Amino acid sequence: MKNPKPPLTKKQEDRLYLWIIIGFLIIVGSLVIYLIYGVSALILAVPILVLGALLLTLPFLLLGGLEWLVKKLREREENKWK
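Each residue of the sequence shown is one higher than the last, beginning at 21 in the working numbering.
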């Protein structure tokens, strides 16, 4: 019997939920705009929806970058004292 997949870490879980929310907002938002206003409004709205979704990822990118920076600085300090 195959081993089951290991459980997701908190970071992986958060990233998965973020992508699900972004996909849902873009797809459902596009569908609603198409149904109410038509194709021409949809063409204008999709780039705006995508940019709005990218704004949702900004805090995660900033926190990920800060985490990476702290790890690098911590490694540098540990190597400095060896």
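A virtual CB, placed ideally from N, CA and C, is assigned to each residue, including glycine.
Small disclaimer: the values here were computed from a predicted structure and weren't measured.
Burial state of residue i (16 or more Cβ within 10 Å)
i	result
Ile63	exposed
Residues of its chain near residue i, where Cβ-Cβ distance is below 8 Å and the 5 sequence neighbours each way are ignored
i	result
Ser60	none
Arg35	Phe80
Tyr37	none
Reference residue i, options the options, closest by Cα
i	options	result
Phe53	Val66, Leu82, Phe44, Pro26	Here residue 53 is Ile; the residue named in the question, Phe, does not match the sequence. Among Val66, Leu82, Phe44, Pro26, the Cα nearest to that of Ile53 belongs to Val66.
Leu74	Lys25, Ile41, Glu33, Gln32	Ile41
Gly84	Glu98, Lys22, Gln32	Gln32
Leu76	Lys22, Leu89, Leu45, Pro26	Leu45
Checklist entry - Does the stretch 92-100 come close enough to the stretch 66-75 to have 3 or more Cβ pairs within less than 8 Å? => result Segments in contact, no.
Checklist entry - Can you give, in chain order, each stretch of the alpha helix (DSSP H) that sits fully within the stretch 27-90 and has at least 4 residues? => result DSSP runs (the alpha helix (DSSP H)) wholly in the stretch 27-90: 30-57.
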